[in-house]
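Its first residue numbered 1315, the sequence shown is counted upward by one per residue in the working numbering. C-beta: ideal position from N, C-alpha, C; glycine also.
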Amino acid sequence: MGGGGPHAAFLATSNSQARALPGRLVGVSTDTGGRPALRLALQTREQHIRREKATSNICTAQALLANIASFYAVWHGREGLERIAERVHRLTSICVAGLRSSNIEVANTTWFDTIVVRVKSSAEVHQRALAHNILFRNIDATSVGISFDETSNLELIEKLFDIFEINESVAQLDESCELGVTQAMRRNDDFLTQSTFSKYRTEHEMLRYLRRLADKDLALDRTMIPLGSCTMKLNATTEMIPITWPEFANIHPFAPATDVAGYTQLVEELSAMLIEITGYDAISLQPNAGSQGELAGLLAIRAYHLSRNEAQRVICLIPSSAHGTNAASAVMAGMAVVVVACDDRGNVDLIDLRTKCELAGNKLAALMITYPSTHGVFEQKVTDICELVHSHGGQVYVDGANLNALVGVAQPGHFGADVSHLNLHKTFCIPHGGGGPGVGPVGVKKHLAEFLPSHPLSTHDEKRVGAVAAAPNGSASILPISWVYIKLMGAQGLRSATMHAILSANYIASRLDAFYPVLYRGEGGFVAHECILDIREITKITGVTNDDIAKRLMDFGFHAPTMSFPVSGTFMVEPTESETLAEINRFCNAMIAIHAEIQQIATGVISHDESPLHNAPHTVEDLCAPWIHKYSQQQAAYPISAMLGRGYFAPVSRIDAAFGDRNLVCSCEPLESYAISLQ
């Protein structure tokens, strides 16, 4: 519902195909105390590592929606789900029996919750249904589709009988109707056997279970999440409220246009605002993620070249600093990736770009760049870069991942770009818990507009590239979040947010540069909305890695910045405009305190292996056990006085990543059941 989403989808395969599986995989490992623990496994499959060979680019990580579906199963358990299924199936079977008793053909020989009904005139049936405020699926002139679910009831059956002029007793049919699932089709084995699916049957217990899970997370409701290139900004309550309104939540994605005038107005207004912000001429809101937006944009470029009889244009130039999704998307769009070098300031190397353009010749399809770059700088030559690619017949794709540094300040469509995707779940405030739900609109200049995504139920232009999502407007129910955000902020507010995001990043760069050198700066000596802190010299001298610092930050109550992207052995920090100066200073103070601990290792006061950095994070269980370390428990748990009263401790200590990859377990029993086998 919700006009099409968001929703989770699940894909299963055999162990032999695990490394080719897209999306995130959760595996079982152990921590340093030998305790079983869960972790994201096989991360070398991800785009930022494998780039054009990545397998995980068909989806965003819809963890939030997957959790909703999982909690539905936790609440109902096997017995509850079976009751729901049997009830829905019985209602469907009653309807089938009534239709057949009146010699109305049901096309199905078997059914669960959906049937196809043959009628003399679909139009007449639809008109009678509308009188009861019911919508059928319009299959063709003589066929309609009917689906039942948990909200269906006997009253609905009575209305359906009235529509089809059936004079049978619903109560009698309920006792005698034939079921549509044969005995051979019925599942007889056990499922949902884990205790989690049987012990939360009261709202009190379920709520407490959810709270215990949430307490394990180091999330945005506890602390800033300075992940570079992720834009973890405020998701304001006011923006979130409309997604609960039935006017948005209860709309079917394929409802007739006459029934969704309000939704249509919202889509049109949001599209117009995004066009004004980006400087493009047309936009599609259909892509469900930034990765899908990339694919849609590249497919538009590919279709454009094909329309000009230039099928040979298949080379996509991508800077070495680019997001890993760029390369993976290019391959999915049927292009060949050629990497362009970056100079020592983090900019695209114009000499190398010119050489690669000339070598590609009439095979050049596109250049994909990110602006500001993933190195955290505004490239001064971005317009020259676009002109160079255009002069060789290529198109320019500007990745919108860093649009939070441009809104109200610069427009990609006006400095030379032909196409961009936006991340409404980053720049425009849709929450992306665990990676989703996402919305990745793709904006294009006029000459590419006719090649934007289509949908068989809304657009019929053969030039368009087809659907990239199941619904015409993608995850429509979360579009009100971005609509509200833009309306509340206004032009000046959006510009102010951008300037504050850039100011905050430069403040962090200024405070921490003496401790962790800022790797790249623009020509004026400033960074964009994020900065890269170089840890490599620290690692060389002391053995302390960015992984050590990331884990130690958890002891300070902070989520780590992005690690080793785009440069191995670094941190990329993005504070966003949402964080106060007090919170930013708290983060900087934590990083400076950690540097002091590093200096103790560098000067020989303590060895790396015996340091709090190496042993982080420290759990409550660790702190309560007999203390064997050379530093105090207070230094482990409360390294600076400002942390007194902190509310977060990691639920497990450092996890053995290699063990988890070697022993991938996805369908998990309770963790306790693994304790013996993993020791």
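Please classify residue i: does DSSP put it in a helix, a strand, or coil?
| i | result |
| --- | --- |
| Pro1794 | helix |
| Ala1655 | coil |
| Thr1890 | coil |
| Met1877 | strand |
| Pro1350 | strand |
| Leu1895 | helix |
| Cys1630 | strand |
| Ile1683 | strand |
| Leu1599 | coil |
| Arg1451 | strand |
| Phe1901 | helix |
| Val1484 | helix |
| Ser1461 | strand |
| Gln1709 | strand |
| Leu1867 | helix |
| Asp1345 | strand |
| Ala1355 | strand |
| Ser1512 | coil |
| Ala1784 | coil |
| Thr1917 | coil |
Please confirm whether any heavy atom of the ligand NAD lies closer than 7 Å to the CB of residue i.
| i | result |
| --- | --- |
| Val1779 | By its list of ligands, the structure shown contains no ligand whatsoever, and the ligand NAD lies outside what it can speak to. |
In chain order, what residues of the same chain have a beta carbon less than 8 Å from the beta carbon of residue i, not counting five sequence neighbours either side?
| i | result |
| --- | --- |
| Asn1820 | Phe1840, Val1841 and Cys1845 |
| Leu1720 | Tyr1685, Pro1686, Pro1726 and Thr1812 |
| Ala1784 | Gly1318, Gly1319 and Pro1567 |
| Asp1463 | Val1402 and Asp1427 |
| Glu1492 | Ser1407, Val1410 and Ala1411 |
Ignore the nearest five residues each way along the sequence and tell me which others in residue i's own chain have a CB closer than 6 Å to its CB.
| i | result |
| --- | --- |
| Ile1480 | Gly1412 and Ser1416 |
| Ala1650 | Val1628 and Ile1629 |
| Met1587 | Ile1800 |
Give me the Cα-Cα distance between residue i and residue j, rounded to the nearest whole angstrom.
| i | j | result |
| --- | --- | --- |
| Gly1604 | Asn1737 | 6 Å |
| Asn1676 | Thr1465 | 58 Å |
| Ser1772 | Ser1461 | 21 Å |
| Tyr1594 | Ile1969 | 46 Å |
| Asn1549 | Val1753 | 15 Å |
| Thr1669 | His1746 | 39 Å |
| Val1662 | Val1696 | 9 Å |
| Val1645 | Ile1589 | 28 Å |
| Val1410 | His1403 | 10 Å |
| Ile1999 | Ile1863 | Absent from the structure is residue 1999, since the part of the chain shown begins at 1315 and ends at 1993. |
| Leu1524 | Asp1531 | 11 Å |
| Pro1994 | Ile1471 | Any question about residue 1994 goes unanswered here, given that the chain covers just 1315 to 1993. |
| Tyr1799 | Arg1976 | 45 Å |
| Gly1730 | Gly1757 | 13 Å |
| Leu1474 | Pro1755 | 39 Å |
| Gly1807 | Arg1442 | 50 Å |
| Ser1955 | Leu1847 | 25 Å |
| Asp1827 | Phe1963 | 29 Å |
| Ser1490 | Ser1483 | 11 Å |
| Lys1434 | His1446 | 20 Å |
| Glu1891 | Ser1818 | 7 Å |
| Ile1539 | Asp1657 | 29 Å |
| Ser1987 | Ala1971 | Any reading at Ser1987 must be qualified, since the residue scores a pLDDT of 41, below 50, and its modelled position is unreliable; the value itself is stated next. Taking the straight line from one Cα to the other gives about 20 Å. |
| Ser1921 | Ala1332 | 39 Å |
| Ile1535 | Leu1521 | Note on residue identity: the sequence assigns Asp, not Ile, to residue 1535. Asp1535 and Leu1521: Cα-Cα distance of roughly 18 Å. |
Is the beta carbon of residue i sitting closer than 8 Å to the one on residue j?
| i | j | result |
| --- | --- | --- |
| Pro1751 | Ser1796 | no |
| Pro1633 | Gly1318 | no |
| Val1458 | Ser1436 | yes |
| Gly1780 | Ser1768 | yes |
| Ile1398 | Leu1487 | no |
| Ser1621 | Lys1777 | yes |
| Met1868 | Pro1931 | yes |
| Met1886 | Ser1543 | yes |
| Leu1678 | Gly1708 | yes |
Spatial neighbours of residue i within its chain, please: C-beta separation below 7 Å, excluding the five flanking residues on both sides.
| i | result |
| --- | --- |
| Pro1570 | none |
| Phe1324 | none |
| Ala1300 | It is not possible to answer for residue 1300, since the shown part of the chain is limited to 1315 through 1993. |
| Pro1794 | Pro1556, Ile1557, Phe1562 and Leu1580 |
| Asn1564 | Met1315 |
| Arg1934 | Here residue 1934 turns out to be Val, not Arg, going by the sequence shown. Taken in chain order, the residues that qualify are Phe1963. |
| Gly1974 | Gly1341, Val1342, Ser1343, Arg1353 and Ala1355 |
| Tyr1834 | Arg1659, Gly1660, His1689, Gly1690, Val1691 and Ile1846 |
Taking only beta-carbon atoms, is residue i less than 8 Å away from chain C?
| i | result |
| --- | --- |
| Ala1650 | Absence of chain C from the displayed structure is noted, only one protein chain being present. |
task = Let me know the alpha helix (DSSP H) ranges lying completely inside the segment 1788-1862, each 4 residues or longer, listed in chain order.
result = You should have 1793-1826 and 1850-1856.
request  = Would you list, in sequence order, the uninterrupted beta strand (DSSP E) runs of no fewer than 3 residues that lie entirely inside the segment 1529-1578?
outcome  = None, since the segment 1529-1578 contains no complete beta strand (DSSP E) of that length.
ask   = Which runs of the alpha helix (DSSP H) spanning at least 4 residues fall entirely within the segment 1929-1978, listed in chain order?
value = Those alpha helix (DSSP H) runs which fall completely within the segment 1929-1978 and span 4+ residues are 1934-1938, 1947-1951 and 1971-1976.
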